[in-house]
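Respectively, the protein sequence lines represent chains A and B.
Counted from 1, the first sequence has number 813 at position 141 by the working numbering; the numbering is strictly sequential.
Counted from 1, the second sequence has number 222 at position 207 by the working numbering; the numbering is strictly sequential.
Yeah, the Cβ is synthetic: ideal placement off N, Cα and C, and Gly gets one too.
All values reported here derive from a predicted model rather than from experimental measurement.
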Amino acid sequence: MNDSIDLAPREPRGVLGTLDELLRQPRAGFARARAGMPVRAWTLRAIAGTLGCWSLYGAGSGFFAGGWQIGLAAVKAPLIVAGSALLCVPSLYVFGLLAGAPLTRARFAVTLTGFVGMLALVMAGLLPIEWLFSVSTQSLAFVVWLHLALWTIAMIFGTRFLRAAMPEVPTGALMLWIALFCLVSFQVTTFMRPILWREPNAAILAEGKLFFLDHFKQALR
Amino acid sequence: MTTMLGRLLHRGDELLSHILSDRPLGRTLAELTLLMAVSAAGYGLVLGMWHGTRLAAYDAIKLPLVLVLTSTFTVAFSWIAAQALNVPLRFAQVAVLTFLALAAAAVALLSLAPIAWFFTVCAPAPSTATRMTHNALYLMHTTFVGACGLTGTRTLWHAMTRLGRARSTLRRVYLVWVLGYAVVGGEVAWALRPFVGSVSPKFPVVFLRQDALQGNVYEFIGRDIVPYFWSRRRQ
C-alpha cells in the first residue's frame with residue numbers, strides 16, 4: 673500500500689494544495705506522470721499558483737517606487753518568468769532527450785512547471801524580506817543587487833529540482849542551461865523595463881533596444 | 016523528416032541498432048541529411064538576421080552548407096582512421112554516424128534559436144557604434160555552435176560505445192574524428208564567412224567574400240591573432 677502511494681501519490685486538490693505538494697514532495701508529479709496518470713489539471717493548477725506567486729513578488733518589488741508601479745510590477749514579473757521559460761523550453765527538451773532522459777510530454781510538462789513553480793515558491797518565501805528592503809531604501813543600485821541575490825537563491829533551489837527531475841542529464845549540462853535561463857531572464861527583464869523605477873509620466877514599456885548589461889550599468893549608476 | 020527527428024530524440028537506441036546492423040543505410044543517410052539541413056537552415060535564419068533579411072537568407076543556405084561540406088571533406092579520412100585503428104565500420108556506417116552527430120548538433124542548435132532570436136531582436140541595429148553588441152552576439156553564436164557541436168559528438172560517442180571494442184581504441188577513433196571535424200569545420204566556416212556580419216562599412220553583406228579562399232583560418236590566427244595578443248602582453 674505504501675509503495676503504491678510512493679509511486680503514484682494521490683493528486684492534491686486546489687492551487688494551494690498543488691503548491692504545497694510541490695514544496696513537500698517535489699517528485700510526486702513525476703511519479704504520477706511515470707504511472708501514466710493525467711497531469712494536465714495538476715500542471716494548470718501549478719501554473720496558476722506560480723503566476724500568483726510571481727505576481728506577489730512583483731508587487732513586492734514595486735513597493736520601491738510605490739504607487740502605480742506596484743500594480744505594473746505585479747503584472748510584469750509573471751510575464752518575465754513566463755517569457756523566459758517559453759524561450760528556453762525547446763532547448764531544455766532537446767538537450768534533455770539527447771542526454772538520454774526519457775521525456776514524455778507529461779513528464780516534461782511536470783518538470784518545467786515544477787521548476788518554475790519551485791522558483792516562484794522560493795521567491796514568495798522571500799517576499800517579506802524583499803518588501804522590507806524595498807520600502808526602506810532609496811538606492812536603485814541596492815535594490816537591483818538585492819533582486820539578483822534573491823534570484824540566485826531561488827535558482828539554487830530550482831537547480832536542485834531540475835537535477836532530481838532529470839538525473840540522466842549531466843550536472844554540468846544542466847548548470848549551463850540554468851546559466852542560459854538566467855541570461856535570458858535578464859534580457860526579458862530589460863525588454864519589459866521599467867520595472868523597479870519609472871520616471872513620472874514615463875511609458876509603461878520603454879522604447880528602444882537595450883542589451884541587459886547596458887541596462888544593469890544604467891541601473892547601477 | 017519528422018520521423019527521423021522522433022527517432023533521433025525518442026528512439027535513439029533503435030536508430031543506432033539500425034545504423035550498426037548490416038542493413039542498407041541510403042534512406043537513413045538521406046533523412047539525416049535533410050533533418051540536419053532544415054535544422055541548420057532554421058538557426059541560420061536567426062544567425063544572420065541582425066544584418067537584415069539578406070544575410071539571414073544567405074546564412075540559411077550557408078550554415079547547412081558548412082555542415083554538409085565538413086562531413087563530405089572528413090568522411091573518407093574518418094573511415095580510413097577507423098580501419099587503421101581496428102574499428103571495422105563500413106564506409107556507409109561512417110558516413111551515417113558523421114551525419115548523425117551533425118544532425119544531433121543541428122537539432123540542438125535549432126532548439127536554441129528562440130533564445131538567439133530574442134537576443135538579436137533586442138540588440139541595437141548594426142553600426143560602427145555597436146561593436147560591443149556585435150561582439151556579444153558573435154560570442155553567443157560561437158558558444159551555441161560549440162556547445163551543440165559537443166552535444167552532437169556525445170551522440171557519436173554513445174553510438175561508438177555499442178561497437179563492442181576496447182574503450183581505449185574507441186576513444187582514439189572518436190578523438191581523431193572529432194579533431195577532423197573541428198579542424199575542417201573551422202576552415203569551412205571561415206571560407207563561407209560572413210555569418211553574423213561586420214559593423215565596419217568596409218565589409219558589406221555578401222554571400223561569399225572575395226578573399227574567401229585566400230589564406231585560411233589557421234594562417235589568420237597565426238599571422239594576426241597570436242601576434243596581436245603577444246604584442247599586448249609585452250606592452
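Less than 9 Å between the C-beta atoms of residue i and residue j, yes or no?
{"i": "B:T170", "j": "B:A119", "result": "yes"}
{"i": "B:F114", "j": "B:S93", "result": "no"}
{"i": "B:L44", "j": "B:V111", "result": "yes"}
{"i": "A:T715", "j": "A:T785", "result": "yes"}
{"i": "B:L78", "j": "B:A56", "result": "yes"}
{"i": "A:G772", "j": "B:G27", "result": "yes"}
{"i": "B:A52", "j": "B:G63", "result": "no"}
{"i": "A:F858", "j": "A:M790", "result": "no"}
{"i": "A:F767", "j": "A:V841", "result": "yes"}
{"i": "B:L124", "j": "B:S183", "result": "no"}
{"i": "B:L24", "j": "B:V122", "result": "yes"}
{"i": "B:A174", "j": "B:I34", "result": "yes"}
{"i": "B:A151", "j": "A:F883", "result": "yes"}
{"i": "B:W205", "j": "B:V232", "result": "yes"}
In angstroms with no decimal places, state the Cα-to-Cα distance between residue i and residue j.
{"i": "A:L822", "j": "B:A96", "result": "52 Å"}
{"i": "B:V199", "j": "B:F88", "result": "7 Å"}
{"i": "A:S676", "j": "A:P684", "result": "With a pLDDT of only 42 at A:S676, under 50, the local geometry of the prediction cannot be trusted, and the value read off the model is given with reservation. Each residue's Cα considered, the two are about 16 Å apart."}
{"i": "B:H149", "j": "A:G734", "result": "34 Å"}
{"i": "A:C760", "j": "B:V160", "result": "16 Å"}
{"i": "A:A781", "j": "A:I828", "result": "21 Å"}
{"i": "A:F863", "j": "B:L190", "result": "43 Å"}
{"i": "A:P750", "j": "A:I850", "result": "18 Å"}
{"i": "B:F222", "j": "B:G67", "result": "13 Å"}
{"i": "A:G686", "j": "A:C854", "result": "30 Å"}
{"i": "A:G738", "j": "A:L892", "result": "20 Å"}
{"i": "A:L868", "j": "B:S32", "result": "56 Å"}
{"i": "B:L154", "j": "A:L688", "result": "43 Å"}
{"i": "A:P894", "j": "B:A128", "result": "Past the edges of chain A, shown from 673 to 893, lies residue 894 of chain A, and the structure says nothing about it."}
{"i": "A:R779", "j": "A:A705", "result": "5 Å"}
{"i": "B:L194", "j": "B:V81", "result": "16 Å"}
{"i": "B:V188", "j": "B:E202", "result": "21 Å"}
{"i": "A:I801", "j": "A:C725", "result": "15 Å"}
{"i": "B:T145", "j": "B:T157", "result": "18 Å"}
{"i": "B:A140", "j": "B:P216", "result": "14 Å"}
{"i": "A:Y765", "j": "A:R777", "result": "10 Å"}
{"i": "B:V220", "j": "B:V83", "result": "23 Å"}
{"i": "B:Y58", "j": "B:S126", "result": "9 Å"}
Identify the contact partners of residue i in chain A, using a Cβ-Cβ distance below 8 Å as the criterion.
{"i": "B:T148", "result": "F883"}
{"i": "B:A162", "result": "L848"}
{"i": "B:L24", "result": "V766, L769 and L770"}
{"i": "B:V91", "result": "Looking at the sequence itself, residue 91 of chain B is Ala, so the reference to Val does not match. Simply none; closest approach about 27 Å."}
{"i": "B:A181", "result": "The contacting residues do not exist; B:A181 stays about 23 Å from chain A at best."}
For the alpha helix (DSSP H) containing residue i, list its first residue and its last residue.
{"i": "A:C854", "result": "T843 to F863"}
{"i": "B:I95", "result": "T68 to A99"}
{"i": "A:P800", "result": "L799 to V807"}
{"i": "B:R22", "result": "T17 to H25"}
{"i": "B:C163", "result": "R146 to M175"}
{"i": "A:P762", "result": "W740 to L770"}
{"i": "A:K889", "result": "F884 to L892"}
{"i": "B:M51", "result": "G41 to G63"}
{"i": "A:T776", "result": "Neither: A:T776 is in no alpha helix (DSSP H) and is coded neither H nor E."}
{"i": "A:R706", "result": "A700 to R706"}
{"i": "A:R712", "result": "R712 to G734"}
{"i": "B:P129", "result": "A128 to V136"}
{"i": "A:L827", "result": "Checking the displayed sequence, the identity of residue 827 of chain A turns out to be Met instead of Leu. It spans L812 to A837 - the alpha helix (DSSP H) in which A:M827 sits, taken as one unbroken run."}
{"i": "B:F143", "result": "The sequence shown places Thr at residue 143 of chain B, not Phe. From DSSP, B:T143 is part of no alpha helix (DSSP H); its letter is neither H nor E."}
{"i": "B:A197", "result": "R182 to A206"}
{"i": "A:R685", "result": "Counting along the chain, A:R685 falls outside any alpha helix (DSSP H), and DSSP gives it neither H nor E."}
Output, in chain order, the set of chain A residues within a Cβ distance shorter than 7 Å of residue i.
{"i": "B:L154", "result": "Going along chain A, no residue has its Cβ under 7 Å from B:L154, so there is no contact; the nearest lies around 11 Å."}
{"i": "B:T166", "result": "F767 and L770"}
{"i": "B:A206", "result": "Going along chain A, no residue has its Cβ under 7 Å from B:A206, so there is no contact; the nearest lies around 29 Å."}
{"i": "B:A151", "result": "F883"}
Which residues of chain B have a Cβ atom closer than 8 Å to the Cβ of residue i, listed in chain order?
{"i": "A:L892", "result": "Simply none; closest approach about 17 Å."}
I want to verify the contact list: residues of chain A whose CB lies under 9 Å from the CB of residue i, in sequence order.
{"i": "B:A75", "result": "Correct list: empty, because the minimum Cβ distance to chain A is about 18 Å."}
May I ask you to check if the CB of residue i is nearer than 8 Å to at least one heavy atom of the ligand SAH?
{"i": "A:L820", "result": "With respect to the ligand SAH, the structure shown offers nothing to examine, as it has no ligands at all."}
What are the residues of the segment 798-830 of chain A that lie near chain B, defined by any Cβ-Cβ distance shorter than 9 Å?
-> none
Can you give me, in chain order, the residues of the segment 113-146 of chain B that have a beta carbon less than 7 Å from any beta carbon in chain A?
-> A119, V122, A123, S126, L127, P129, I130, F133, F134, C137, A138 and P139
Residues of the segment 705-716 of chain A with Cβ closer than 9 Å to any Cβ of chain B, in chain order = none
Which of the residues in the segment 744-775 of chain A, read from start to end, lie with their CB under 9 Å from any CB of chain B?
-> G755, L758, L759, C760, V761, P762, S763, L764, Y765, V766, F767, L769, L770, A771, G772, P774 and L775
Identify each residue in the segment 850-869 of chain A for which the Cβ-Cβ distance to at least one residue of chain B is less than 8 Å, and report them in chain order.
-> L852, V856, Q859, V860, T862 and F863
Taking a cut of 9 Å between CB atoms, which residues from the segment 53-71 of chain B lie near chain A?
-> none
For the segment 170-195 of chain B, enumerate the residues whose C-beta is nearer than 7 Å to any C-beta of chain D, in chain order.
-> Structure shown: chain D not included; protein chains present are A and B.
Cβ-based contacts, 7 Å cut-off: residues of the segment 96-114 of chain B near chain A | none
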